[in-house]
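Residue numbers in the sequence shown follow this note's numbering, run continuously in steps of one, and reach 218 at the last position.
Cβ atoms here follow ideal geometry from the backbone N, Cα and C, with glycine treated the same way.
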Amino acid sequence: MQTQVNLVFHNNGLRSYIEVDLCARCPRQDNKGCCGFYSPVFYATDLVYLAHHQPELLQEIFQMDGITVLDASVTINQQPDGDSYRCRFHSASAGCRLPQNLRESVCRHFVCPDIGWEKNPHLLKWKNFFEQLADYEIRLNNGAAEFIQARRLSLRKPADRQEAIKLMEEFLKKEASNQPAFFDEVPVMEKAVVSCELRFGKEWTL
Ligand code: SF4
Numbered sequence: 013m014q015t016q017v018n019l020v021f022h023n024n025g026l027r028s029y030i031e032v033d034l035c036a037r038c039p040r041q042d043n044k045g046c047c048g049f050y051s052p053v054f055y056a057t058d059l060v061y062l063a064h065h066q067p068e069l070l071q072e073i074f075q076m077d078g079i080t081v082l083d084a085s086v087t088i089n090q091q092p093d094g095d096s097y098r099c100r101f102h103s104a105s106a107g108c109r110l111p112q113n114l115r116e117s118v119c120r121h122f123v124c125p126d127i128g129w130e131k132n133p134h135l136l137k138w139k140n141f142f143e144q145l146a147d148y149e150i151r152l153n154n155g156a157a158e159f160i161q162a163r164r165l166s167l168r169k170p171a172d173r174q175e176a177i178k179l180m181e182e183f184l185k186k187e188a189s190n191q192p193a194f195f196d197e198v199p200v201m202e203k204a205v206v207s208c209e210l211r212f213g214k215e216w217t218l
C-alpha cells in the first residue's frame, strides 16, 4: 500500500530537526515505534542548550532512575516494556513529551528508513546537510569532552556538573563562533512530500 508522508526540514543550527507526519499513524502500531528501541544520549551541545533554555529538564535528567552518566554525556536508558522496551520520555497515549528543540540529535534527525526520503534527488541538499551536521556535532562534543577532561572535571561527579557544563559552553562558544558553510546551503525551513510503500508491525523497518 502506497502512502504520502509530509516532512518538514528545519535548519536551526545545532537544534535542526525533521518533522514527520507519519509518526502520528506509526506503521509499527505498537504505540512506541522507534522510541521503543532507543535510549537518548545528551552530549555537550544538548546539555549546554538545556542549561540555558530548560534548566529544570536538565535537573530532572540528572535525577532520573536508569541513567548512565559518563564524563561528558548522559544516557537515559530505555526501560523494559512488554516484550521490548520504551524510552523513558515516551508515553503510549501522548508520544514523546519533549518538544523537538529539547531532544538530543538522533531524536531530532531520525526518520524511519522505509520512508526513503534520502533517495529523492530534490532532497539531496538536506541529506548532505544532516550528514554534515551530525559530523560537526560529533566534533564539537568530542572537543568539549576533552576540554573538561583536561581540567579534571566529570559529569560523573555531581559536584562538578555545573562547572563542567559552564566550561563546555565556553568551549562551544569559541569553536562554533565561525559557523560552517553548510548551514547556508539549505533554507531555514522546507516542506516536502514523499511517497513510500507502507508495511505494518515488525515488517516496517526502524
Ligand atoms: S526522547 Fe522522545 S523522540 Fe527520543 S527516543 Fe525518547 S520518546 Fe522518542
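(request) Note the first and the last residue of the continuous beta strand (DSSP E) segment covering V86. (result) 86-88
(request) Take H121 as the anchor and find which of A36, V205, C46 has the nearest alpha-carbon. (result) C46
(request) Identify the continuous beta strand (DSSP E) that holds P67 and give its terminal residues. (result) Run containing P67: none in the beta strand (DSSP E); it sits in the alpha helix (DSSP H), 67-75.
(message) According to DSSP, is S117 part of a helix, a strand, or is it coil?
(response) helix
(request) Consider the C-beta atom of H102 and the heavy atoms of ligand 1; say whether any pair is separated by less than 7 Å. (result) yes
(request) Could you tell me which residues DSSP puts in a beta bridge with A91? (result) The identity of residue 91 in the sequence shown is Gln, whereas the question assumes Ala. In the DSSP output, where bridge partners are listed per residue, Q91 has R98.
(message) Which of the three DSSP states is assigned to A188 in this structure?
(response) coil
(message) Let me check understanding here. Comparing Cα to Cα, which of L34, I30, L152, V200 lies closest to V118?
(response) I30
(request) Decide if T80 is buried, meaning its Cβ has at least 16 other Cβ atoms within 10 Å, or exposed. (result) exposed
(request) Answer yes or no: the CB of P133 versus the heavy atoms of ligand 1, is any distance below 7 Å? (result) no
(request) Measure the C-alpha to C-alpha separation of R163 and A56 and round it to an integer number of angstroms. (result) 15 Å
(message) Could you check if L59 belongs to the surroundings of ligand 1, using beta carbon to heavy atom distance under 7 Å?
(response) no
(message) Please report the distance separating the alpha-carbon of K169 from that of Q161.
(response) 12 Å
(message) Whole angstroms are fine: how far does the CA of K137 sit from the CA of A188?
(response) 22 Å
(request) In the DSSP assignment, find the unbroken beta strand (DSSP E) run with K203 in it and report its ends. (result) 201-209
(request) Tell me C108's beta-bridge partners as DSSP assigns them. (result) H102
(message) Suppose the cutoff is 7 Å on Cβ atoms and the five residues either side in sequence are ignored; what does the same chain contact list for L110 look like?
(response) F101
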